[in-house]
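Data first, discussion second: the structure below is written as structure tokens.
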Amino acid sequence: MAKEYNISVIPGDGTGPEVVAEGLKILQIVADKCGFSLNYNHHNLGGEHYKATGEILPDSVLELLSESDAIYLGAIGHPDVKPGILEKGILLKIRFYFDQYINLRPVKLYEGVDTPLKNKGPEDIDFVVIRENTEGLYAGAGGCLKRGTSDEVAIQESINTRKGVERCIRYAFEFCRKRNKRKKLTFCGKTNVLTFAFDLWERTFNEIASEYPDVETDYAHVDAICMWMVKNPEWFDVIVTDNMFGDIITDLAAMIQGGMGIAAGANINPNGVSMFEPIGGSAPRYTGKQMINPIAAISAAQIMLETIGEPNAASWIEEGVIKVLRDDLKDVAAGRMGYTTQEVGDLVADYIIRLKK
Ligand code: IPM
Ligand code: MN
Numbered sequence: 018m019a020k021e022y023n024i025s026v027i028p029g030d031g032t033g034p035e036v037v038a039e040g041l042k043i044l045q046i047v048a049d050k051c052g053f054s055l056n057y058n059h060h061n062l063g064g065e066h067y068k069a070t071g072e073i074l075p076d077s078v079l080e081l082l083s084e085s086d087a088i089y090l091g092a093i094g095h096p097d098v099k100p101g102i103l104e105k106g107i108l109l110k111i112r113f114y115f116d117q118y119i120n121l122r123p124v125k126l127y128e129g130v131d132t133p134l135k136n137k138g139p140e141d142i143d144f145v146v147i148r149e150n151t152e153g154l155y156a157g158a159g160g161c162l163k164r165g166t167s168d169e170v171a172i173q174e175s176i177n178t179r180k181g182v183e184r185c186i187r188y189a190f191e192f193c194r195k196r197n198k199r200k201k202l203t204f205c206g207k208t209n210v211l212t213f214a215f216d217l218w219e220r221t222f223n224e225i226a227s228e229y230p231d232v233e234t235d236y237a238h239v240d241a242i243c244m245w246m247v248k249n250p251e252w253f254d255v256i257v258t259d260n261m262f263g264d265i266i267t268d269l270a271a272m273i274q275g276g277m278g279i280a281a282g283a284n285i286n287p288n289g290v291s292m293f294e295p296i297g298g299s300a301p302r303y304t305g306k307q308m309i310n311p312i313a314a315i316s317a318a319q320i321m322l323e324t325i326g327e328p329n330a331a332s333w334i335e336e337g338v339i340k341v342l343r344d345d346l347k348d349v350a351a352g353r354m355g356y357t358t359q360e361v362g363d364l365v366a367d368y369i370i371r372l373k374k
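Its first residue numbered 18, the sequence shown is counted upward by one per residue in the numbering used here.
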């Protein structure tokens, strides 16, 4: 019997629905070609839904998400909703609820895509950032006193547990070994200042490293890694870091791979329900304009298929992405593709349909 997967789809806000539509188009094509089927459950969540109903992410929806094999997300964020409400209430809530403790972000410069880095090309920019996704400054620990007065105190603490740090680092070593490229894992921290949190990280990293003699290890402070990523991106194969630093360095990384229209990410619980998303956000100004590059959403669908166990179908998607970026799209990094969102999806679709394997 053909395999079946249940996918929860959250198109979300702004341009999310436009790019998700293209991702779903491509998913259908590769599913047909590879002989598996995808059942979708669409969930109307995000700013508009919140404004209309006051509902953010009801338990009934969490229940439905938990029955799915994966979650495919467009974007969350609405100009009329105070920052933090939807991000914490939907995106972070799902990451935490499903214990998606890995945030995986491939950083690959495809041929035909411009990078702002002078004299660097696709052979130099090909690494993966593995960001801890459930702890650190994102855990929400802290509080405030005397808010709004001149005596105000605000405390925001970074929570790092041995278990949380260890499972993330272990995942990174395994990933680096399986990826089998340069087999080099760089730990990114701030051991010279954050001497409690990154002491735990460093000791755990060194302990686990001894189990992976085939993986070369390296260390960089977070500020220095921003410098090296711009100057010598070819040094990196896999980078592992905490939640906040991972958030920051992956925006920088997205820019060197051609921008937010290209960058995809995965929120992974290796034993549970994972979520896949283009990392560009909802870009509210462009809503409905068909101007956003759907490649990031299409690549997120690719990572989803790799993760749920359809690597063949995933590699077809990547072939389509490679072809269209190399031969068809124009000034991707500058946000001028020469095609509409839908047309880009069609170009990838047409190419994959004609592929024979
Ligand atoms: C990301 C985003 C989120 C984060 C926001 C929207 C909460 O920036 O996925 O990187 O900070 O993790
Ligand atoms: Mn971010």
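C-beta: ideal position from N, C-alpha, C; glycine also.
### Query
Which residues bound the beta strand (DSSP E) around M292?
Counting along the chain, the beta strand (DSSP E) containing M292 begins and ends at 291-295.
### Query
Say the cut is 7 Å; is the CB of D264 nearer than that to a heavy atom of ligand 1?
yes
### Query
Given F222, which residues of its chain have a CB within under 6 Å of its CB, disregarding the five upstream and five downstream residues?
Cβ neighbours of F222 beyond the five flanking positions: I186, F204.
### Query
Name the DSSP bridge partner or partners of G282?
G282 is bridged by DSSP to E294.
### Query
Cβ of E104 within 7 Å of any heavy atom in ligand 1?
yes
### Task
Would you identify the three-state DSSP class for T151, choosing helix, strand or coil?
Reduced to three states, the DSSP call for T151 is coil.
### Task
List the endpoints of the continuous beta strand (DSSP E) containing T203.
It spans 201-206 - the beta strand (DSSP E) in which T203 sits, taken as one unbroken run.
### Task
With DSSP as the reference, label V78 as helix, strand or coil.
helix
### Message
So the candidates are E174, N209, Y127; which of them puts its Cα closest to the Cα of N260?
### Response
E174
### Query
When you compare only the Cα positions, how much space is there between A226 and K198?
So the two alpha carbons sit approximately 17 Å from each other.
### Query
For the beta strand (DSSP E) that contains Y57, what are its first and last residues?
53-59
### Task
Can you give me the start and stop residues for the alpha helix (DSSP H) that G337 sits inside?
328-344
### Message
Do L217 and E182 count as a contact pair if the criterion is CB distance below 8 Å?
### Response
One point to set straight first is that residue 182 is Val, not Glu, in the sequence displayed. For V182 and L217, yes; Cβs fall inside 8 Å.
### Message
Suppose you measure from the CA of A19 to the CA of I142; what does that come to, to the nearest Å?
### Response
Answer to the nearest angstrom: the Cα atoms are 38 Å apart.
### Query
Among residues of its own chain, excluding the 5 on either side of T234, which ones have a beta-carbon nearer than 6 Å to its beta-carbon?
L202, A226
### Query
Which partner residues of L217 appear in the DSSP bridge assignment?
For L217, which the question treats as bridged, DSSP gives no partner whatsoever.
### Query
Based on Cα-Cα distance, which residue from V239, V98, R196 lies nearest to V210?
V239
### Task
Name the two residues that bound the continuous alpha helix (DSSP H) containing D264.
Start and end: 260-273.
### Query
Comparing alpha-carbon positions, which option in K373, T357, K374 lies nearest A38?
T357
### Query
Ordered along the chain, which non-local residues of its own chain (more than five positions away) have a Cβ less than 6 Å from that of V236?
Before going on, a small fix: residue 236 reads as Tyr here, not Val. Once the five neighbours on either side are set aside, the close Cβ partners of Y236 are F204.
### Query
Of all the options P250, K306, S54, L269, which has the alpha carbon lying nearest to the alpha carbon of N136?
The shortest C-alpha separation from N136 is found at P250.
### Message
With H, G and I counted as helix, E and B as strand and the rest as coil, what does DSSP make of N23?
### Response
strand
### Cβ-heavy atom distance, D30 to ligand 2, below 7 Å
no
### Closer than 7 Å: D268 CB and nearest ligand 2 heavy atom
yes
#### Entry: Straight-line Cα distance separating A317 from D345
20 Å
### Message
Could you check if L109 belongs to the surroundings of ligand 1, using beta carbon to heavy atom distance under 7 Å?
### Response
yes
#### Entry: Cβ-based neighbour list, C243, same chain, cut-off 7 Å, excluding 5 preceding and 5 following
I266, L269
### Query
Which class does F113 belong to by DSSP, given the choice of helix, strand or coil?
helix
### Message
If I follow the unbroken alpha helix (DSSP H) through Q359, where does it start and stop?
### Response
Here the alpha helix (DSSP H) through Q359 covers 358-371.
### Message
What would DSSP say about D254, mapped onto helix, strand or coil?
### Response
coil
### Query
Would you report the Cα separation of T32 and E80, rounded to the nearest angstrom?
If you take the alpha carbons of T32 and E80, they lie about 26 Å apart.
### Query
Within 7 Å: the Cβ of I296 and any heavy atom of ligand 1?
Checking every heavy atom of ligand 1 against the Cβ of I296, one is found closer than 7 Å.
### Message
Could you pull the DSSP bridge partners for A92 from this structure?
### Response
G29
### First and last residue of the uninterrupted alpha helix (DSSP H) at H97
The identity of residue 97 in the sequence shown is Asp, whereas the question assumes His. No alpha helix (DSSP H) contains D97, which DSSP labels as neither H nor E.
### Task
Below 6 Å CB to CB, which residues in the same chain sit around I296 once its five sequence neighbours on both sides are set aside?
A280, G282.
#### Entry: Minimum C-alpha distance to I27 - residue among S54, Q359, A69, H60
Check the Cα spacing between I27 and each of S54, Q359, A69, H60: the tightest is with H60.
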